[in-house]
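A.B. asks: Quick one: this structure, given as structure tokens, is what I'll be asking you about.
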Amino acid sequence: CQEKESTGMAELFHPRVSNAEARQPGKSPSFSVNWIVGNTDPEVINATTGKRTCGGSSRLCKHTFYVRWAKLYGKLSTRMPSHGDMPSVYSEAKLVAQTYQAVKQQLFKAFQKAGLGTWVKKPPEQDQFLLTV
């Protein structure tokens, strides 16, 4: 679905999209907004549920990224026989992605070195879902 009240980037700062209650220090807003270059429609997400305000999944959700990655992986594996079978569980796909794991560790170390603290990990069960296309 499309955000009914949104007509473009100018709408992001319009009171219809902003939170009506004053923002309290230390309290996160009840929504988030994202947009993609080339797409004029911002996506408004309920920060509590992670769903779009109209109820559908976000274009930034893990499943959506996993489906896109699987399609790319499928194209690569036809050209590179050593590429192997595609993991069907999201967490497994992340574990076998060596470059991803190496860069993630570098990021964690950089946060520590800069005094930004430790990356807060989400519960592992959040990544335990099957690829369904």
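Numbering (my numbering) for the sequence shown: 16 to 148.
No residue lacks a Cβ here, since even glycine has one placed at the ideal position from N, Cα and C.
Model, not experiment: these values are computed from the prediction.
1. Applying the 10 Å Cβ sphere with the 16-neighbour rule, what's the burial state of Glu58?
2. Assuming Leu145 and Val104 make a contact with CB atoms under 8 Å, what is their CB distance in whole Å?
3. Determine the burial state of Tyr81: buried for a count of at least 16 other Cβ atoms within 10 Å of its Cβ, exposed for fewer.
4. Evaluate Ile51 with the Cβ neighbour count: other Cβ atoms within 10 Å of its Cβ, from every protein chain shown; 16 or more gives buried, anything less gives exposed.
5. Should Ser73 and Ile60 be called a contact, given that it needs their Cβ atoms to be closer than 8 Å?
C.D. replies: To lay it out plainly:
1. In the sequence shown, the residue the question calls residue 58 occupies position 43. Glu58 is buried by the Cβ-count criterion.
2. Within the sequence shown, the letter at position 130 stands for residue 145. Within the sequence shown, the letter at position 89 stands for residue 104. Yes, Leu145 and Val104 are in contact; Cβ-Cβ is about 6 Å, under 8 Å.
3. Within the sequence shown, residue 81 is the residue found at index 66, counting from 1. Buried, since its Cβ has 16 or more Cβ neighbours within 10 Å.
4. Residue mapping note: residue 51 aligns to position 36 of the sequence shown, counting from 1. Ile51 should be labelled exposed.
5. Walking along the sequence shown from the start, residue 73 turns up at place 58. Walking along the sequence shown from the start, residue 60 turns up at place 45. Contact check for Ser73 against Ile60 passes: the beta carbons are separated by less than 8 Å.
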